[in-house]
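These protein sequences, in sequence, are chains R and Z.
Here the first sequence is numbered in numbering that gives the first Met the number 0, starting from 0 and rising by one per residue.
Here the second sequence is numbered in numbering that gives the first Met the number 0, starting from 0 and rising by one per residue.
Just so you know, even glycine gets a beta-carbon here, dropped at the ideal spot from N, CA and C.
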Amino acid sequence: MTVVAYVIGDDVASDGGRVPDLRGPDGRWLRSSYPNLRDAFVAVPSASTPTPIAELDRLAEQIAAELGAWLRQIGFALHDLPNDEILFEVLDPDDLRCVLGVDAFG
Amino acid sequence: MLPSGPEGDMPVVEEGGPITVTLRDLDPERLDVDALGEAVEAAAAIAPDVDLRVVVSGDFENYVRERDSWAPVQEYVQDRLVGYAIGKIVECADGSAELLVDASVVDVDRDEYDSPTRTFVHEVLHLLIGRRGETLNGRRARLGYQRGSAIGSFAGMAGIAGEEFRVERALSDLGYPLPDHYRTELGVFVDAYVDSLRRPFLEWEATGEVIRFTTPRLAVSSSS
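Pasting the structure below:
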């Protein structure tokens, strides 16, 4: 995700002049969600602009929401369980089995 | 003037406060002295009031662990799945700061797209953010979320991503745009990340353990 943040930072700084190339098959995981992710970042000021941490936290919440949406899009979800454990949910095991090319699900 | 050999330590920039450069565990003949000098000057220009020491290390990963006793740093690894960490800021108790840099950044045969100046300025921007009390790194812990929780994982990842965005946006504005390969190969980077999340399920068949393989990959982006 750090690399995505790098690219969106450069994209926003260039006012859309340097958008990522997601046309190839590898771009399938980000192609449709990139605009939403970019929208979540665009209001975050550059490091050259002093900004109260409370405002940055508020903006980070929007980023967190989009990260969750993106994770669901690639087939996973994270949930907190009452016993303080975390559930890593596979949303589409059939699709995962297809991608892996093996019968990992028995 | 820059140090002429390993373990050298002398002031190289005097405007606004001296910056010293220390070379550790590296072959001085592999050092691009001019590039290092330019990078130090650029760092000094954007942080003129900071008492900064630059340490270029040929054993970067271990040196980071040695210099920063904060617990998560003891698990510090350079390998970030897609690329390597090559710079880190360490705040010191006396109010000074150290900029730790992997020797590969200023190697004479570094990749063409690697810019020492860009790396130095990137790290110093993190430093300035931190000194203004604006850092989003460590956000999960600051907000009181448990490590390994879902909400904490997203809080941490969003914090790291938000801060990196701020730094890169500023870098581009300052005239240091992101090297093109990040933009042209973003899909490849993301594909590798997604694969790292999916690959552990191969292990499920053999061991029944999924989360132990998957969590560390998420932690690549959410260790704080």
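Under the rule that a run must span 4 or more residues, the alpha helix (DSSP H) segments found entirely inside the stretch 110-193 of chain Z read 115-130, 138-141, 149-172 and 179-183.
Think of a sphere of 8 Å around the beta carbon of residue 29/R: the chain Z residues whose beta carbon falls inside it are 185, 186 and 189, in chain order. Remark: C-beta atoms of residue 25/R and residue 54/Z do not approach each other more closely than 7 Å. Contact annotation: in the stretch 8-35 of chain R, residues whose CB is within less than 7 Å of a CB in chain Z are 8, 9, 11, 12, 13, 17, 19, 20, 21, 23, 25, 26, 28 and 29. Considering only 145/Z, 178/Z, 20/Z and 102/Z, the residue with the shortest C-alpha distance to residue 84/R is 145/Z. Identification of residues in the stretch 151-176 of chain Z having a C-beta nearer than 7 Å to some C-beta of chain R yields 152, 153, 154, 156, 157, 158, 159, 160, 161, 163, 164, 165, 166, 167, 168, 169, 171, 172 and 176, given in sequence order. Sequence-ordered contacts of the stretch 64-95 of chain R with chain Z read 66, 67, 73, 75, 77, 78, 79, 83, 85, 87 and 95 [C-beta pairs closer than 7 Å]. Cβ atoms of residue 56/Z and residue 98/Z stay farther apart than 8 Å, at about 11 Å. The beta carbon of residue 41/R sits no closer than 7 Å to any beta carbon of chain Z. Membership of residue 64/Z in the alpha helix (DSSP H) is indicated by the continuous run 59-66. For residue 59/R, the chain Z residues whose Cβ falls inside 7 Å of its Cβ are 135, 138, 157, 158 and 161, in order along the chain. The shortest C-alpha to C-alpha distance from residue 53/R to any of 152/Z, 149/Z and 131/Z is the one to 131/Z. Following the DSSP letters along the chain, one finds residue 56/R in no beta strand (DSSP E) but inside the alpha helix (DSSP H) bounded by residues 52-72.
Interface with chain R (7 Å Cβ-Cβ cutoff): residue 126/Z is excluded.
Using beta-carbon distances, residue 181/Z counts as an interface residue toward chain R, with a partner under 7 Å.
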